[in-house]
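Have a look at the structure below, then the notes.
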Amino acid sequence: MTEFDLRVYKAVLKIPLGQTRSYQWVARKIGSPLASRAVGSALKKNPWPLVIPCHRVVAASGAIGGYSQGINKKRLLLDLERQIAKMMYNKKSKKVKK
DNA sequence: CATTTTTACAAAT
DNA sequence: ATTTGTAAAAATG
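For what it's worth, my numbering labels the leading residue of the first sequence as 5, then goes sequentially.
Shown next, in the form of structure tokens:
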């Protein structure tokens, strides 16, 4: 666990639900645009696989890359989040009771 | 501690 | 599709 890892995790946590960000984006956010590889490398060894939405992080080329829990599940998770985001955008109900 | 290898990438060829 | 360039961590000595 290093500072770099922490930065990466924080940046990934900032990703809006239903949105996918590329490693480059995260890398730039943490301050090293060229460290995209290190980002993925850190993510794969992330100490909290459940609190870090690794499935939202994809490569800039659109490639899923890899997923410690299975890239297929990653795709499903992304689709689910996409639907959730859509629901949040058009709320058929005028108001959402909070 | 220093050097080498590996990496869930990206861009060029 | 293969190669090269990049930065950081893990492995090796």
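All C-beta atoms in this analysis are idealised placements derived from N, C-alpha and C, irrespective of residue type, glycine included.
Please go through the same chain and pick out, in chain order, the residues whose beta-carbon is closer than 6 Å to the beta-carbon of arginine 86, but skip the five residues on each side of it.
-> Gly22
Return the first residue and the last residue of the alpha helix (DSSP H) that tryptophan 52 is part of.
-> Per DSSP, tryptophan 52 belongs to no alpha helix (DSSP H) and is neither H nor E.
DSSP three-state call for serine 26: helix, strand or coil?
-> strand
Cβ-Cβ distance between proline 53 and serine 40 below 8 Å | no
Under 8 Å between C-beta atoms of valine 62 and valine 43 = no
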